[in-house]
């Protein structure tokens with residue numbers, strides 16, 4: 004029986020993969036909602052979806068590259084409560100950096116692209132890299148104490 008996997012199944016198949024499996028196993032996957040029978044119509048629908056997804060991914064990647072170019076060298080400022088030694092009471096995580104980045108530059112970025120090894124816990128200037136595919140940009144985050 005030929006089936007189209009609707010979800011990744013470890014050691015069996017990946018999402019949208021068309022594969023020949025034993026009849027009982029195929030029926031089981033279909034009943035569980037993990038696959039659908041690979042009819043001519045379903046395969047044609049899958050090919051159309053794959054083409055659409057590929058074109059959308061290409062457009063999305065082009066937009067991200069333009070975003071990276073405009074982001075490279077940008078500076079954003081964050082403020083937080085700190086003690087007299089310059090340590091913040093609450094650390095700054097990549098999500099907070101992205102919110103401020105979106106507010107100041109209107110650039111929306113997924114948190115997975117931001118490389119922040121550990122949260123920022125002190126005042127100062129930090130270089131934050133962003134990696135998208137094989138491209139990289141670096142922007143500056145300035146952390147100041149609240150007055």
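In our numbering, the protein residues as written are 4 to 150.
Don't be surprised by glycine CBs; every beta carbon is placed ideally from N, CA and C.
Worksheet item: Taking 7 Å as the cut-off, does the CB of residue 63 come closer than this to any heavy atom belonging to the ligand PLP?
Response: For the structure depicted, the ligand PLP is absent and the ligand set is empty, with no information on it obtainable.
Worksheet item: Which whole-angstrom value is the C-beta distance of residue 64 and residue 136, which I expect to be below 8 Å?
Response: 7 Å
Fill in: Beta-carbon proximity check, residue 6 vs residue 47, cutoff 8 Å
no
Item to complete: Check whether the Cβ atoms of residue 147 and residue 126 lie closer than 8 Å to each other.
Response: yes
Fill in: Residue interval of the beta strand (DSSP E) (run including residue 7)
5-8
Worksheet item: What are the boundary residues of the alpha helix (DSSP H) that includes residue 41?
Response: Unbroken run through residue 41: none, as it is neither H nor E.
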